[in-house]
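For the sequence shown, the positions run 53 to 279 when the working numbering is used.
C-beta atoms are modelled at their ideal positions from N, C-alpha and C, and glycine is treated no differently.
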Amino acid sequence: MKQPLLCVFMIFCASLVSHAQTTQPNIILITMDDCNDYIEGLDGHPQISTPNIKYLMQKGALFYNAYANSPKCAPSRVSFYTGKQPNYTNVYHNFDINCNLTLEQSMAFNGVETYYTIPMVLKDSSGYFTYSISKNMHCHNNLHGYDMDTEDECAKGASWNKVTVFDHAAEQIDVLNYASTIDEGLPEYHFAAIPDSLETKLQDYLSTDSAISFIEQVAAEIGRAHV
């Protein structure tokens, strides 16, 4: 039975080098949206059990004091991916990223001529196949940083070779509408607790399941050593 590992919102991976070349590491970058301190091991809520996150903590480095370049979503994400502060990217608000433009067009609109993203460098300079799964930028379904016009798969993305999103997917309709089915005398609240039967329709579950399938698929291919 398939089980979710983490709340996964973005993953990129897969180097295109052969089995004979083993110097390039495999990379999986997991980001969580609106993550708070309800996590096991962060000393805030001892009753919380998050065994998979705890496992990652034990196997790696844990930073108790980490700071974002902006308290807002889009500015923080742009800074994270470009390594530049908002005073360089000119992205101070969520609407400063135009989701109707490509990433290159949006940055040019903000007066930024030179920028690089982490996956862009991996894709263009290191030979990686970069794959974004689910929410990456604040644009959700608009596939920001991905060129929808060209038919060349390897030239599509400023940052990504491939993009998969689940925002407002058909599978999530029951989840999105669940809160409206409960009447306890209070106004409807979108983020309601849901029954276990709806868990497999959550965006994080679908994202994780897709990531696992992709990793297993590429790992099984001959000549594709890095995933």
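Run through DSSP, which three-state label would residue i get?
{"i": "Ile143", "result": "Note that residue 143 is Val in the sequence shown here, rather than Ile. The answer is coil: DSSP assigns Val143 none of H, G, I, E or B."}
{"i": "Ser232", "result": "helix"}
{"i": "Val215", "result": "strand"}
{"i": "Ser122", "result": "coil"}
{"i": "Ala72", "result": "Its pLDDT being 43, under 50, Ala72 is placed unreliably in this model, and the value from its coordinates should be taken loosely. Three-state result, Ala72: coil."}
{"i": "Ser158", "result": "helix"}
{"i": "Ser184", "result": "strand"}
{"i": "Glu92", "result": "coil"}
{"i": "Gln99", "result": "coil"}
{"i": "Tyr107", "result": "helix"}
{"i": "Glu251", "result": "helix"}
{"i": "Asp261", "result": "helix"}
{"i": "Ala113", "result": "coil"}
Report all residues from its chain with a CB closer than 7 Å to the CB of residue i; omit the five preceding and five following residues, and keep chain order.
{"i": "Val227", "result": "Ile246, Leu250, Lys253 and Leu254"}
{"i": "Asn150", "result": "Ser158 and Phe161"}
{"i": "Thr134", "result": "Thr141, Tyr167, Tyr168 and Thr169"}
Taking the CB atoms as reference points, tell me whether residue i and residue j lie closer together than 8 Å.
{"i": "Asn142", "j": "Asn162", "result": "yes"}
{"i": "Ala126", "j": "Asp148", "result": "yes"}
{"i": "Asp89", "j": "His97", "result": "yes"}
{"i": "Ala216", "j": "Ser262", "result": "Residue 216 is actually Thr in this sequence, not Ala. Yes, the pair counts as a contact, with Cβ atoms nearer than the cut-off."}
{"i": "Ser128", "j": "Gln137", "result": "no"}
{"i": "Ser178", "j": "Gln76", "result": "yes"}
{"i": "Lys111", "j": "Asn146", "result": "no"}
Buried or exposed: residue i, going by 16 or more other Cβ atoms within 10 Å of its Cβ?
{"i": "Ala113", "result": "exposed"}
{"i": "Asp256", "result": "buried"}
{"i": "Asn229", "result": "exposed"}
By Cβ distance, which residues of its chain are closer than 6 Å to residue i, with the 5 residues on each side in sequence left out?
{"i": "Asn213", "result": "Phe181 and Thr182"}
{"i": "Met109", "result": "Gly93"}
{"i": "Ser211", "result": "Thr169, Pro171, Met172 and Gly197"}
Apart from the five residues just before and just after residue i, which ones in its own chain have a Cβ nearer than 8 Å to its Cβ?
{"i": "Tyr116", "result": "Leu94"}
{"i": "Ala272", "result": "none"}
{"i": "Tyr144", "result": "Ser122, Lys124, Pro127 and Pro138"}
Given 8 Å as the limit, is there contact between the region 94-110 and the region 120-135, that is, 3 or more CB pairs closer than that?
no
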